[in-house]
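>
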Amino acid sequence: MRVMAQMGMVMNLDKCIGCHTCSVTCKQAWTNRAGTEYVWFNNVETRPGQGYPRRYEDQEKWRGGWKLNKKGRLALNSGGRVAKLLGLFASPVQPELKDYYEPWTYDYKTLIDAPLGDDFPVARPKSLITGKDTQITWSANWDDDLAGAPEMGHLDPIGEKVRRESEDKIKFAFEQTFMFYLPRICEHCLNPSCMASCPSGAIYKRVEDGIVLVDQDKCRGWRQCITGCPYKKIYFNHKTGKAEKCTFCYPRVEIGLPTVCSETCVGRLRYLGLFLYDADRVTDAAAVTDETDLYQSQMDLLLDPNDPAVAAAASAQGIPDDWIDAARRSPVYALAKVYQVALPLHPEYRTMPMVWYVPPLSPIVDLLSDQGHDAEDSGTLFGAIDALRIPVEYLAELFTAGDTDLITEVLRKLAAMRAYMRGITLGQQADAAIPASVG
Ligand code: SF4
Ligand code: SF4
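For the sequence shown, position 358 matches number 357 in numbering that gives the first Met the number 0, and the numbering has no gaps at all.
Okay, structure coming up:
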């Protein structure tokens, strides 16, 4: 067992209000520079929606992450070792600016210089990159108005399709509409495919805390990392010609401060902490045959810092005692491993991502009831899971490689916890059967 320490984050999605404070403060700290106008190390995307860059989850197109080759071994989805060498000559598969969005500002001068008249002057949008007038046709969160009702999934922005539907159908569609926000940063993966894709060896995973960084001196701008990262969380700076990515705010973390996104998060939904994991087993864990086993194999890598054998192995590996202690008190370890209510995003990419999500329970609305009543009290708790506003299948696609049983189990725990705490808050007798029934 080779014990290593890993910084991790858990985000509780029920608490995200989509205010973008995290994105803006991150941008001010890290990407407020020429060449990174379009870059959001932290972005908050609308779900259902195309994400940022759009459709980044389509790995057939972008060829990110890992897959199993014919021998059942891990291979880069972009083509493996030979392609990595050929990568020196081959073009990377990467999103274009139109897929990220063209960053813009407004020509505010017209507001000041316009002559007096009957009409209010308009500040036209102007590209931040070319400085010329532009038409805004896409940006992150463009999908906010569309949401995910089955009849509305392809609704165009001006609502033509809905206007063509019958009134009953529209009512049904709106009742089933759902949306939530998904904040994303680099996953600081245990098995980073960006690092494996780099022909220059410029990307490294810090031994002390697992933060993945790009050595700016070594980067030669091949951009194979952009292809390799299935989350598209590594970006090309078109001024410097180098790759850049989220640094997990390591200069802050090193002096005991939280990341900027965590510190400024309005919803207080980001938890930071340390994991201890077995570095010897990462490759095997990422190579299990069945995608739905990846969550469990990732969980099995996380070691119990209270286990004396793990603590001794960590010490032998040079991990300081106060870090081992921090791992014992770590909220991310508690949420991911002890309570098992946090899940990795797209475990099927096989990179072993270290940003975990408490999935959104959202208001539980009983769709069968005329009243659409809140079905969160403990009496209807288990029935209520069937009446979730966000379809379990949709969440399973994001967090459990399609395993609906697993996501249901997590939602059940969250619903139980909510009912239990609500009882206590309302001064009622707490239902002792709830914690026992969900483990
Ligand atoms: Fe690399 Fe981050 Fe992408 Fe993982 S999420 S592959 S660490 S850039
Ligand atoms: Fe969500 Fe927090 Fe970011 Fe606001 S600051 S969008 S609540 S993650």
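All residues carry an ideal CB built from backbone N, CA and C; glycine is no exception.
1) Nearest-angstrom Cα distance between G220 and E243?
2) Measuring CB to CB, does Q58 end up less than 8 Å from N76?
3) Looking at ligand 2, does it come within less than 7 Å of L268, judged from the CB to the closest heavy atom?
4) With respect to the alpha helix (DSSP H) encompassing R123, which residues constitute its N-terminal and C-terminal limits?
5) May I ask which residues mark the beginning and end of the alpha helix (DSSP H) holding Y419?
6) Go to T24, then tell me how far its alpha helix (DSSP H) extends in each direction, as first and last residue.
7) How many angstroms separate the CA atom of A284 from the CA atom of L268?
8) Span of the alpha helix (DSSP H) holding Y393?
9) Nearest by alpha-carbon distance to K231: which of A325, V92 and P390 is it?
10) I want to check one thing, is the minimum distance from the CB of M194 to the heavy atoms of ligand 1 below 7 Å?
11) By the DSSP assignment, the beta strand (DSSP E) with L212 in it spans what residues?
12) Write down the C-beta distance between Y332 and L344 rounded to the nearest angstrom, noting that I regard them as a contact closer than 8 Å.
13) What does the Cβ neighbour count give for I519, buried or exposed, with the cut at 16 atoms within 10 Å?
14) What is the DSSP secondary structure of R183, counted as helix, strand or coil?
15) Any idea what DSSP makes of V9, helix, strand or coil?
16) Quick one: measure Cβ to Cβ for E36 and P102, integer angstroms, because I've assumed they're closer than 8 Å.
17) With E95 as the anchor, note down where its alpha helix (DSSP H) starts and where it stops.
18) Alpha carbon to alpha carbon, how far is V213 from V340? Give it in angstroms, no decimals.
19) For K241 and F40, I'd like the C-alpha separation in whole angstroms.
20) Compute the Euclidean distance between the alpha carbons of A311 and R1, then round it to the nearest angstrom.
21) Between V211 and ligand 1, is there a pair consisting of the residue's CB and a ligand heavy atom that are separated by less than 7 Å?
22) Quick one: grab the DSSP three-state call for A315.
23) If we ignore side chains and look at the alpha-carbon of each, how far apart do D365 and R53 end up?
24) Excluding sequence positions up to five away, which residues of its chain have a Cβ less than 6 Å from the Cβ of E290?
25) In or out: M8 buried (at least 16 other Cβ within 10 Å) or exposed?
26) How would you call L256, buried or exposed, if buried means at least 16 neighbouring beta carbons within 10 angstroms?
27) So if DSSP puts F235 in a beta bridge, which residue, or which two residues, is it bridged to?
28) Does the beta carbon of I423 come closer than 8 Å to any beta carbon on chain C?
29) Taking 7 Å as the cut-off, is the beta-carbon of I184 closer than that to any non-hydrogen atom of ligand 2?
Considering the structure as presented:
1) If you number the sequence shown from 1, residue 220 lands on position 221. If you number the sequence shown from 1, residue 243 lands on position 244. When rounded, the distance between both Cα atoms is 10 Å.
2) In the sequence shown, counting from the first residue as 1, residue 58 sits at position 59. In the sequence shown, counting from the first residue as 1, residue 76 sits at position 77. For Q58 and N76, yes; Cβs fall inside 8 Å.
3) Against the sequence shown, residue 268 aligns to sequence position 269. Yes; taking the cut-off as 7 Å, the Cβ of L268 has a heavy atom of ligand 2 nearer than that.
4) The residue you call residue 123 lines up with position 124 of the sequence shown. Segment: none, R123 is in no alpha helix (DSSP H) and carries neither H nor E.
5) Here residue 419 refers to the residue found at position 420 when the sequence shown is read from its first residue. Its alpha helix (DSSP H) spans residues T403 to T424.
6) Here residue 24 is taken as the residue at index 25 of the sequence shown, counted from 1. Looking at the DSSP string, the run of the alpha helix (DSSP H) that includes T24 is T20 to W29.
7) As a working mapping, residue 284 is identified with position 285 in the sequence shown. As a working mapping, residue 268 is identified with position 269 in the sequence shown. Rounded to whole angstroms, A284 to L268 spans 29 Å at the Cα level.
8) The residue given as residue 393 occupies position 394 in the sequence shown. Its alpha helix (DSSP H) spans residues V391 to F398.
9) On the sequence shown, position 232 is the one that residue 231 refers to. For K231, the nearest C-alpha among the options comes from V92.
10) Position 195 of the sequence shown, counted from the start, is the residue given in the question as residue 194. At least one heavy atom of ligand 1 is nearer than 7 Å to the Cβ of M194, so yes.
11) Indexing the sequence shown from 1 puts residue 212 at position 213. Note, L212: beta strand (DSSP E), V211 to V213.
12) Mapped onto the sequence shown, residue 332 falls at position 333. Mapped onto the sequence shown, residue 344 falls at position 345. Contact flag wrong, Cβ pair sits at about 18 Å.
13) In the structure as shown, the chain begins at 0 and stops at 438. Residue 519 is therefore absent and cannot be evaluated.
14) Within the sequence shown, the letter at position 184 stands for residue 183. R183: strand per DSSP, three-state reduction.
15) For the purposes of this step, residue 9 is taken as residue 10 along the sequence shown, with counting starting at 1. In the structure shown, V9 sits in a strand (DSSP, three-state: E or B).
16) The residue labelled residue 36 in the question sits at position 37 within the sequence shown. The residue labelled residue 102 in the question sits at position 103 within the sequence shown. E36 to P102, Cβ: 4 Å. Contact.
17) Position 96 of the sequence shown, counted from the start, is the residue given in the question as residue 95. It is not in any alpha helix (DSSP H) - E95 carries neither H nor E in the DSSP assignment.
18) In the sequence shown, the residue the question calls residue 340 occupies position 341. In the sequence shown, the residue the question calls residue 213 occupies position 214. Going by the C-alpha atoms only, they are around 32 Å apart.
19) If you number the sequence shown from 1, residue 241 lands on position 242. If you number the sequence shown from 1, residue 40 lands on position 41. For K241 and F40, the distance between alpha carbons rounds to 15 Å.
20) As a working note, residue 311 is residue 312 in the sequence shown. As a working note, residue 1 is residue 2 in the sequence shown. Rounded to the nearest angstrom, the two C-alpha atoms are 11 Å apart.
21) Position 212 of the sequence shown, counted from the first residue, corresponds to residue 211. Yes, the beta carbon of V211 sits closer than 7 Å to at least one heavy atom of ligand 1.
22) Here the question's residue 315 lines up with position 316 in the sequence shown. Three-state result, A315: helix.
23) Translated into positions along the sequence shown, residue 365 becomes position 366. Translated into positions along the sequence shown, residue 53 becomes position 54. No answer about D365 holds up, because its pLDDT of 49 lies below 50 and its placement is not dependable.
24) Position 291 of the sequence shown holds residue 290. Taken in chain order, the residues that qualify are E347 and A400.
25) In the sequence shown, counting from the first residue as 1, residue 8 sits at position 9. Classification for M8: buried.
26) Residue 256 sits at position 257 when you count from the first residue of the sequence shown. Classification for L256: exposed.
27) Taking the first residue of the sequence shown as position 1, residue 235 is located at position 236. Its beta-bridge partners are A242.
28) Absent here is chain C; the protein component of the structure consists of one chain.
29) For the purposes of this step, residue 184 is identified with residue 185 of the sequence shown, where counting begins at 1. Flag unset: Cβ of I184 not near ligand 2.
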